[in-house]
Structure formats: C-alpha cells, structure tokens
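In this text, residue positions in the sequence shown follow the working numbering: the first is 24, and each later residue adds one. Beta carbons: idealized from backbone N, C-alpha and C, even for Gly. Data first, discussion second: the structure below is written as structure tokens.
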Amino acid sequence: MVKKPWSGRFEEKTEAAVEEFTASLSFDRRLYRQDIAGSLAHARMLARQGIISPAEAEQIVKALEEIRLKMESGEFVFETAKEDIHMAIEAALIAKIGEVGRKLHTARSRNDQVALDVRLYLAQEVETLSAALADLRRAGARQARRHFGVIMPGYTHLQRAQPILFAHHLLAYDEMWRRDQARLGESLARIRVSPLGAAALAGTTFTIDPRYTADQLGFKEVFRNSLDAVSDRDFVLEFLAHAAIIMVHLSRLAEELVLWSTAEFGFVELPDAYATGSSIMPQKKNPDVPELIRGKCGRVCGNLLNLLVTCKGLPLAYNRDLQEDKEPLFDTVDTVKACVKLMGGLLESVKIRPERMSAALRGGFLTATDLADYLVTKGVPFRTAHEQVGQTVRFAEAQGKELWELSLVEINKFAPLAEADLFDWLKIENSVARRRSPGGTAPERVAEALKRVEEELGLGGGPGS
Ligand code: ARG
C-alpha cells in the first residue's frame, strides 16, 4: 500500500473508489516536464535563501533530472495511488534520495505548484498554436496568389449577391486568423505570471524569493495576491474562449468547403488525401475532414462552458473542483492544434475550379447593384434607381435573359435615363474592378491586401505582386 503524504493525520486508509475518483494522474502526467521545471527552480531558490543547503539542492536537482529522463523514455511507472503528477514525482524523488527529498515541498503547496505547471504548459502551447495559425494563413495566402484573378459570386443569405475575387474571399479568413493570433499573443502576458510562492493560499513563513523562481522559469511577472494566485483560472478560461473562436472561424470555412465540394456548387475538388470513401456507395468522395473540423467546434465550445460553470460560485481560494480544469484544457489544445494543422494542409492542396465559379456568375443578376449605381451617376436618386432596376430584373427574369442581354430600349422602359454606356457597367469584370473603395474587392485593393499579408507572413509574392 502506498503511504499518503497526509498519513500523519489519518487513521483509515483511502477507499479504493475514492482513490480512483480523486486521482488526476492519468491526465495530468502530461505536465511532468513543467512540474519538474518548477521544482528545479523552487529547489534552487530554497538553497539561495538558505532554507536548504546548496548540497541538498544539488542532490534534489540531480534526482529530478533523472526522474525526468525516465519519464521521457517511458520507463517510469505511473501509479494511480500517487494521485497526481506532483505526488508521483515527489514520491519518486524521496524513493531516490530519502530524507533530502522530503525537504523539497518546504514553502510550497500543490496549489501554487499546479497553477504554475498549467501556466508553463499553456504558454508553450499558445506559441505552438500561433505558429500553426501562421502556417494556415500562409496556405490561404498562397491559394489567393495562385488564383488571384478568379472571380466568384459573393453571397449574402447564401444567395448570389455580387461578384468578388476568390482571393478576397480567402483574405477574409486571413483577417479572422490574424485576430486569432493577436488574441493568443496578447493572452501570453497574463499566462506568464508565476504563482509560485503563494503556497497553499496565504503565503509562507519562510523568506522565499518568488521573483527569483519566476526569472528561472522565464516569467516576467509574479503574482500579487496569494489567494488569487492559487484560485485564478481566468487564463485558462481566456484561452478556451480564444480557442472556441478559432474553431468557430475554422468551422465556417469547413462548411464552405463541404458546400463547395458538392456537385451543386463544384467550386472545389477535395484532394484524395483529405477525403474518404463510402463503404457502400462506390462513387462517393466524402468531405470528412472539413465535416469533422466543423463537428469538433462543438466540443471546443463545450469545453469553455464546462470550465466557466466549474469556476462559477467557487469560494476562495483553492478548491478541488479546479482539478477539473485540465481535461477540457488538454482536449481543447489537442483538438484545436489538430484542426488548424489539418485545415492548413487541406487549404494548401484543395483544387480550385475557376470554371465552375465562373459558371455560377450567370443567372443571379449579380451586377444589378452596378446598374443602380450607374443610374445614380446619371442623377437618379439611389432609392429610385433601386426600384427601376428591380423592375428591370423582374422583366429580364421573365424573358429568361441576363441584364446584359436586354436591349437599351427594353431597359429604358424602366430606367429612362440609361444610355448605351450602361452595358459597360453590367460586365462582371468591371463590376469587380469598380469596387475600389477601401477594403473592397477590386483587384488593386485585393493586391494591396494580399501583399500586406504576404509581408506579414514572410512570403515572397508571386507573379503580379
Ligand atoms: N491534482 C490537483 C489539481 O489538479 C493538485 C492540487 C491539489 N491540491 C489539494 N489541495 N488537494 O488541482
């Protein structure tokens, strides 16, 4: 039987079901590197402050490094009875060096220890995720460059609305991803705050140096209130919220890829490497990757709600409820990282079908707004122009014609001020080219936008840049 650190106070041994129920080792073992890094800094600080001797600190450091190697190589045996990663490592340390190992936990609690581990872990993951977002953005920018001149219908209400550059559509996602990266970057300042030294909740009687441990761990800031340091999980909530927004963004593109790969749209063809077949219908090529990205958005949003509800109403300071922060956090980290990477690969290799986009430019009266704008240049108030063009569209639809297939005489029935130069305004290319307003879809605006993005991402522009 494993002797618990609190065995001094207890008469009975822990019920097996309780041991099982309270243990977090099965999932918090992924924090072993962070836990050991924190302990190394703590041991050095204790020696520096004369709380343990330099020789003792050295022994602890050496043993902890050996334990880390064993964990690294998979040799270490994790036992549920050790409850969590902190106790598993401490027990291994004591088993190795005896009495000296029993000194490490001086002036520390698992409460500040676990908060530190999660902060170290998350700081690293945020950087990894941000790098993955940068790769995704590069894939999007390369597609935009490759298909720079391609025009597609832009939609509102999923109804064809106005022609836009496909590159403009892609760059809309780039804006979202850029903000996603910015949010992650800004959150780092709040993640990199060391809680070590808060101890259980009230600080400690020892003359510790929290600034020194923070420096050792590369954290700029040190906690300001010991109660808050052990009970704050805002930094996790914030990350879960940012991650949920990332997934919402990805799911929108995923939905478009699902839609665009249908026979009805046909705007894209999914690469075989990113699709799957059906076990019964031999002809099928299914968009499982974007579907799963769309689907996994649910669990990531759920993880945010999960921890929000867990934290709601928790009295100060540490409560065991907070152990429930890890599974949603780890699940979100794993899920979002995978989705961002997969979407990057998919976006890089998806086949764009400009001819299908082009075919979809017919039939939707996509340049009706241009005709109204044209009439405004002839002095017609916009509301009146809107009405006149509405009637013209109704007429064209009844005739089964495009606006540009009507004669000037026919158009003049509804819009008397229209002249022959109106046909120039009905051309799809001209419609796009005229939208030169800031942030608009005109090729010159989109070229500027793409160039800016390429510069931000360290991409050399291709032809036409
Ligand atoms: N496994 C715990 C957690 O993840 C560590 C902190 C335990 N603290 C305590 N007072 N029981 O939150």
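Near the ligand ARG: residue i beta-carbon under 6 Å from a heavy atom
i: Gln-346; result: yes
i: Ser-49; result: no
i: Asn-134; result: yes
i: Val-137; result: yes
i: Asp-107; result: yes
Residue(s) in a DSSP beta bridge with residue i
i: Glu-244; result: Val-216
i: Asn-309; result: Thr-299
i: Glu-292; result: Lys-374
i: Leu-188; result: Ile-174
i: Thr-236; result: Answer is none; Thr-236 lacks a bridge partner.
i: Thr-179; result: Gln-182
7 Å Cβ cutoff met for residue i and residue j
i: Ile-375; j: Val-291; result: yes
i: Ala-162; j: Gly-367; result: yes
i: Glu-150; j: Val-356; result: no
i: Leu-473; j: Ala-167; result: yes
i: Glu-326; j: Leu-263; result: Note that residue 326 is Asn in the sequence shown here, rather than Glu. Yes, they are a contact pair.
i: Val-123; j: Glu-88; result: no
i: Glu-244; j: Val-216; result: yes
i: Val-416; j: Ala-395; result: no
i: Met-175; j: Met-304; result: no
i: Asn-435; j: Ala-441; result: yes
i: Leu-54; j: Ala-111; result: no
i: Ala-104; j: Val-25; result: yes
i: Lys-360; j: Leu-211; result: no
i: His-109; j: Gln-72; result: no
i: Gln-422; j: Phe-437; result: no
i: Arg-457; j: Thr-464; result: no
i: Asp-354; j: Val-259; result: no
i: Ile-214; j: Ala-146; result: yes
i: Gly-300; j: Lys-307; result: yes
i: Val-57; j: Tyr-144; result: Contrary to the premise, residue 57 reads as Gln rather than Val in this sequence. Result yes, Cβ atoms of Gln-57 and Tyr-144 sit closer than 7 Å.
i: Val-363; j: Leu-156; result: yes
i: Leu-370; j: Ala-164; result: no
i: Met-94; j: Thr-236; result: no
i: Leu-240; j: Ala-64; result: yes
i: Ser-454; j: Asp-393; result: yes
i: Ala-190; j: Val-469; result: yes
i: Val-323; j: Ala-267; result: yes
i: Glu-350; j: Phe-99; result: no
Q) Do the segment 172–190 and the segment 200–218 touch if we need at least three Cβ pairs shorter than 8 Å? A) no
(Q) Taking 8 Å as the cut-off, does the segment 131–140 touch the segment 75–86 (at least 3 CB pairs, one atom from each stretch)? (A) Because the criterion of three Cβ pairs below 8 Å is not met, the segment 75–86 and the segment 131–140 do not touch.
(Q) If contact is defined by three or more beta carbon pairs under 8 Å, each pair taking one atom from either stretch, is the segment 266–285 in contact with the segment 312–332? (A) The segment 312–332 vs the segment 266–285: in contact.
Q) Does the segment 240–256 come within contact of the segment 277–284, defined as at least 3 CB pairs closer than 8 Å? A) no
(Q) Whether or not the segment 210–228 and the segment 184–191 are in contact is what I'm after, with contact meaning three or more pairs of Cβ atoms, one per stretch, closer than 8 Å; do they touch? (A) No, the segment 184–191 is not in contact with the segment 210–228.
Q) Counting pairs of beta carbons, one from the segment 402–422 and one from the segment 336–353, are three or more of them closer than 8 Å? A) no
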